[in-house]
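Residue numbers (my numbering): 3 to 82. Some notes on the structure that comes next.
Set out below in structure tokens:
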């Protein structure tokens, strides 16, 4: 397959040089780096202390749906 554009990603967390899957998913889907062991929270959110609504980060799918666009997931493996 050939694509018209290529993108690179640096997979590390705000508080760790080793990328952790939930924080890396937040970075990929929301466009912001996150702390390890958090998902869907911006840098103000902390593990086991994310009760404040202001720490939640909107994601790319939200932005698209607000513009009345369809969204979905494409994967080459199982999603559980």
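Ideal placement from N, C-alpha and C gives every residue a C-beta, glycine not left out. Since we're looking at a predicted model, the values are computed, not measured.
Exercise for review: May I ask you to list the residues that DSSP assigns as paired with residue 18?
Suggested key: 15
**Study point:** Buried or exposed by the 16-neighbour rule on C-beta atoms within 10 Å, applied to residue 4
**Key:** exposed
**Study point:** Neighbour-count burial assignment, residue 28, 16 or more Cβ in a 10 Å radius
**Key:** buried
Point to revise | CA-to-CA distance, residue 73 to residue 60, given in whole angstroms | key: 14 Å
**Study point:** Selection from 63, 14 and 66 that minimises the alpha carbon distance to residue 37
**Key:** 14
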